Amino acid sequence: MPEKKAPLIHLTKRKVLPWYAAWGIRLAAIVAALIVCAIVTTVTTGLDPLSVYSTMFSGAFGTTRRLWITGKETAILLCISLALTPAFRMWFWNLGGEGQILIGALATAATMILLGTSLPGPALIAVGIIAAIAAGAVWALIPAVFKAKWNTNETLFTLMMNYVATQLVAYYVIVWEVPKGSGTIGIINQKSEAGWLPVIGNRYLLLILVVAVLTVLMYIYLTYSKHGYEISVVGESEATARYVGIKVEKVILRTMLLSGAICGLTGYLMVAGTDHTLTTTLAGGQGFTAVMVAWLAKFNPIGMIFSSLLIAFLSRGSGEISTAFGLNHAFGDILTGIILFFIIGCEFFINYKLNLRGKAPKEPARPAAEKAPAAPEGKEESHV
Amino acid sequence: MQERIPAIELRGITKVFGRIVANDHVNLSIYRGEILALLGENGSGKTTLMNMLSGIYFPDEGQILIDGKEVSISSPREAFAHGIGMIHQHFKLVDVLTATENIILGLKEPGRLDLAAAAKKIRAICDQYGFDVDPNQKIYEMSVSQKQTVEIVKVLYRGADILILDEPTAVLTPQETDRLFAVLRNMRDDGKAIVIITHKMHEVEDLSDRVAVLRHGTYVGDMATKKTNAQEMTDMMVGRTVSLNIDRPTPVNPKPRIVVDGITVKNEEGITMLDDVSFEARTGEVLGIAGISGSGQKELLEAIAGLQPVVSGSIRYVEDDGSTQELIGKDPLQIEQLGVTLSFVPEDRLGMGLVGNMDLSDNMMLRSFREGKSVFTDRKTPHDLAEKVVDELEVSTPGISTPVRRLSGGNVQKVLVGREIASAPTVLLTAYAVRGLDIGASYTIYRLINEQKAKGVAVIYVGEDLDVLLELCDRILVLCGGKVSGILDAPDASKKNEVGLMMTRLGGGADHA
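Chains A and B, in that order, give the protein sequences. In case it helps, my numbering puts the first sequence at residues 1 to 384. In case it helps, my numbering puts the second sequence at residues 1001 to 1513.
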């Protein structure tokens, strides 16, 4: 039949795939990503891709110390993602993670510097935690109030709040700089360690435990609590929420308070737990990376454990190959980009199937016995 | 008739979406100079089939022949090249452009853009078939029926001689429908092939020359309209015999339940949507609300439900003992806390009544999730309710945990109505409860409404199909441009024209839907 011309690519929506097939596609995507990365590596650098991969892996997991650092980075990233998730579930785009972390960190540093000599250790930690949580919450509440009252654009508002927070931190870094003229704060309370979180076992263990508990709590909150249910309803449809008597404004404010509070807590954990100093680059873009972590896991806190681990691994691994092979740091980012592209892109193939020209779509849809006589033109039946 | 070559012949067309077989080896012929009514319940695959003709979907299997030659239609542009034009249920027009600009949008004609010449050509088309449209009028100034006219002229302008109309009368008044049908007959007599998708039997009988019936994605058969009747067509669509009579039991001891007194409602732009509206809804009675779409029906129901701010007037709820409660100024939660069980089936089911991405059980929970002191939600009760609704209302769904947006329109409505009546309401507000529903589902809804009426519930039924309103309701209030145009105390089929005129009588505002 010469006149009939099927489109070159014809998409059909799949039936719901069984979980193993979906994971098979995801695995295939990772393999494909590694192959593409290998080609790019060989063509552009002439290096053996396998040794690049093994260096990446050892950079992230090679030694106990590296393992702990990767664990720490995963935990921090996961903590920020957990903070953003309630807002995202409400379709409120909180891009102000950076600012909320910084302001929480600033509050922590303030308590450590100003109260470091006057308060006993446990009280100082308690005050620090409260101050950081309150600061982060307020920072998130401001755009939420404007959104709830006047329906301003939360994306821009939260984004702008980041710059305000950064400048505030820059100001106080100068106020509190040690030594004078250095432009940095240095390690806060280095001798007394006042306000520092205690070390149990490894210096990152406490952080990881806190985030682990938070993950479980957040999962329960979002999945089983009345608040979590209200968040989902407001996110899906404000009209429906009003129709059943949910006070949309109240839910927006409450959820952003929670989101900002956890960002503030992250700031606390970074200053009092790991870094013991305050800089304007403390959050280092992780407030934005966490957006991707949360999306990758479809806003499921348990899934975010894996997506944050993946991102932390890629970031540590690509850092390692730049130093080990003397490559520009950008090269690691290229590989990270390729891998993420494949991982995100494969979701499309889980939902849709491509039918190429010349091959009849195969979906039998009904038991084969019921099928009508084969198409007269002798189309080829292809089964993937 | 048999020796004619069909304008379009479909052979063995199959289209599968995921696990749903929308069309299963469908054969269908469409002839020139003939109006074909395509019938079928919701989800029977009518729109899918027509979308394959208009290039929106591509068939998974089968052949399309135009004038005896096999073709492939993989885009709307190719459909136009074959002379196929489709008028969709939801208009695809740019509001701020004029009729002419919308009509030529996307056309790549050589040379300079000549709007005047295009307008002239449009006028010629309008004169030929009897359309009433001003080429230079902006879309946002037009009534729904004028917008539809623009859509039809658009496809004619592109040279379509095979027209497909997807439920064109759903948004029209009886008078507008008559005008549309006159135009369609003109086009048929001009040798065009016309396919009309509709649910309304009297329209099929009135307009079409031939009917074709689809059921569950398969082709059941076709016949000349003259040789069949509504009962036979319905039975073919549903696959069993259904009764086409709507019961109207006599109200038992009606007493005032909701007393609306002189309410005025303005929308966000300050335009008056309801103007000094007064009426009462009584227990054990179905009060119908008729009117052209946008005459204030939505605002009226939302005002009663506590979702719409009211400028002036009062809405009182009358308890059984005669004491009254003012509802104005209270939100849905406060109304609920007064002990008033008010159920509301809104027009926009997935946008307001339900959450499309949530499953049946979570949607049942919308009304009940606050119950109990625990911070956690009770999932068992809504789950049981969902099972009960699925069972009693015969909701066809893969399971309780299926997101409701995956269900067909009729099943979505059954879920919503099932939840709303589960709370044993004293007042039931319904807006376009059977819009987009097929016959089987519609009759289920009528039955449920009558059951509520028998329980003494005050039912307010906003409808668009006058035949149904006149058969189902005990009284009918007609709205026109936000004002009460009249209240009909004893409706019956003979009053149809009277109601139709009341819908437009106040003129002016009524044309701007």
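Every residue, glycine too, gets a C-beta built ideally from N, C-alpha and C. Since the model is a prediction, treat every value here as computed from it, not as a measurement.
Limits of the unbroken alpha helix (DSSP H) element including residue i
{"i": "I69 of chain A", "result": "T64 to R89"}
{"i": "K353 of chain A", "result": "That residue, K353 of chain A, is in no alpha helix (DSSP H); its beta strand (DSSP E) goes Y352 to L356."}
{"i": "T1169 of chain B", "result": "That residue, T1169 of chain B, is in no alpha helix (DSSP H); it is neither H nor E in DSSP."}
{"i": "W254 of chain A", "result": "It should be noted that the sequence gives Arg, not Trp, for residue 254 of chain A. R254 of chain A -> alpha helix (DSSP H) spans V248 to Y268."}
{"i": "E1420 of chain B", "result": "G1409 to A1422"}
{"i": "D1276 of chain B", "result": "Per DSSP, D1276 of chain B belongs to no alpha helix (DSSP H); it is in the beta strand (DSSP E), T1272 to R1282."}
{"i": "S318 of chain A", "result": "P301 to A324"}
{"i": "E1471 of chain B", "result": "L1466 to L1472"}
Under the three-state DSSP convention, the category residue i falls into
{"i": "F978 of chain B", "result": "No answer is possible for residue 978 of chain B: the residues shown for chain B start at 1001 and end at 1513."}
{"i": "G1191 of chain B", "result": "coil"}
{"i": "M1223 of chain B", "result": "strand"}
{"i": "P198 of chain A", "result": "coil"}
{"i": "A148 of chain A", "result": "helix"}
{"i": "H1202 of chain B", "result": "helix"}
{"i": "P1249 of chain B", "result": "coil"}
{"i": "G273 of chain A", "result": "helix"}
{"i": "D1391 of chain B", "result": "helix"}
{"i": "K1298 of chain B", "result": "helix"}
{"i": "Y1432 of chain B", "result": "coil"}
{"i": "H227 of chain A", "result": "helix"}
{"i": "A1290 of chain B", "result": "strand"}
{"i": "N1051 of chain B", "result": "helix"}
{"i": "G1527 of chain B", "result": "A question about residue 1527 of chain B goes unanswered here, because the residues of chain B that appear run from 1001 up to 1513."}
{"i": "P120 of chain A", "result": "coil"}
{"i": "F1376 of chain B", "result": "strand"}
{"i": "C1480 of chain B", "result": "strand"}
{"i": "K1495 of chain B", "result": "helix"}
{"i": "L278 of chain A", "result": "coil"}
{"i": "S51 of chain A", "result": "helix"}
{"i": "L11 of chain A", "result": "strand"}
Within chain B, the residues that residue i reaches when beta carbons sit closer than 7 Å
{"i": "H10 of chain A", "result": "F1058"}
{"i": "Y224 of chain A", "result": "F1376 and T1377"}
{"i": "G245 of chain A", "result": "D1331, P1332, L1333 and E1336"}
Cut-off 8 Å between Cβ atoms - residues of its own chain near residue i, not counting five sequence neighbours on either side
{"i": "S237 of chain A", "result": "none"}
{"i": "G285 of chain A", "result": "E98"}
Proximal residues to residue i (C-beta, below 7 Å), its chain only, five neighbours per side dropped
{"i": "G186 of chain A", "result": "V178 and T277"}
{"i": "I350 of chain A", "result": "L17, A22 and I25"}
{"i": "A290 of chain A", "result": "L77, I80, S81, L84 and G97"}
{"i": "S259 of chain A", "result": "A83, L84, P86, A87, N94 and A140"}
{"i": "A148 of chain A", "result": "E249, I252 and L253"}
6 Å CB neighbourhood of residue i in its chain, flanking five on each side removed
{"i": "L1038 of chain B", "result": "K1046, V1195, I1197 and A1212"}
{"i": "F1181 of chain B", "result": "L1207"}
{"i": "A165 of chain A", "result": "G99, L102 and I103"}
Anticipated Cβ contact below 8 Å, residue i with residue j, distance rounded
{"i": "G136 of chain A", "j": "A261 of chain A", "result": "6 Å"}
{"i": "I1139 of chain B", "j": "V1094 of chain B", "result": "7 Å"}
{"i": "T70 of chain A", "j": "V173 of chain A", "result": "Incorrect: roughly 28 Å between the Cβ atoms, too far for contact."}
{"i": "S1145 of chain B", "j": "E1176 of chain B", "result": "4 Å"}
{"i": "I1439 of chain B", "j": "V1238 of chain B", "result": "6 Å"}
{"i": "T1218 of chain B", "j": "T1504 of chain B", "result": "Not really, about 42 Å apart at Cβ, beyond 8 Å."}
{"i": "A1007 of chain B", "j": "I1066 of chain B", "result": "7 Å"}
{"i": "L1244 of chain B", "j": "R1349 of chain B", "result": "Not a contact, Cβ separation roughly 25 Å."}
{"i": "I1246 of chain B", "j": "Y1446 of chain B", "result": "5 Å"}
{"i": "V233 of chain A", "j": "L1366 of chain B", "result": "7 Å"}
{"i": "L124 of chain A", "j": "A194 of chain A", "result": "6 Å"}
{"i": "Y219 of chain A", "j": "I302 of chain A", "result": "6 Å"}
Chain-ordered chain A contacts of residue i [CB-CB under 8 Å]
{"i": "V1355 of chain B", "result": "S232, V233, E236, S237 and T240"}
{"i": "G1351 of chain B", "result": "S237, A239 and T240"}
{"i": "L1470 of chain B", "result": "The contacting residues do not exist; L1470 of chain B stays about 30 Å from chain A at best."}
Where the beta strand (DSSP E) through residue i begins and ends
{"i": "G1313 of chain B", "result": "S1312 to V1318"}
{"i": "N162 of chain A", "result": "Taken as a continuous stretch (DSSP letters only), N162 of chain A belongs to no beta strand (DSSP E), being part of the alpha helix (DSSP H) at E154 to V175."}
{"i": "K1255 of chain B", "result": "It is not in any beta strand (DSSP E) - K1255 of chain B carries neither H nor E in the DSSP assignment."}
Under 7 Å by beta carbon: chain A residues contacting residue i
{"i": "F1369 of chain B", "result": "K226 and Y229"}
{"i": "M1237 of chain B", "result": "Per Cβ cutoff of 7 Å: no residues; M1237 of chain B is ~22 Å from chain A at best."}
{"i": "P1346 of chain B", "result": "Y243"}
Under 9 Å from the C-beta of residue i: neighbouring residues of chain A
{"i": "L1531 of chain B", "result": "Only positions 1001 to 1513 of chain B appear in the structure, and residue 1531 of chain B is not among them; the question remains open."}
{"i": "M1086 of chain B", "result": "Simply none; closest approach about 19 Å."}
{"i": "L1093 of chain B", "result": "None at all; the shortest Cβ gap to chain A is about 24 Å."}
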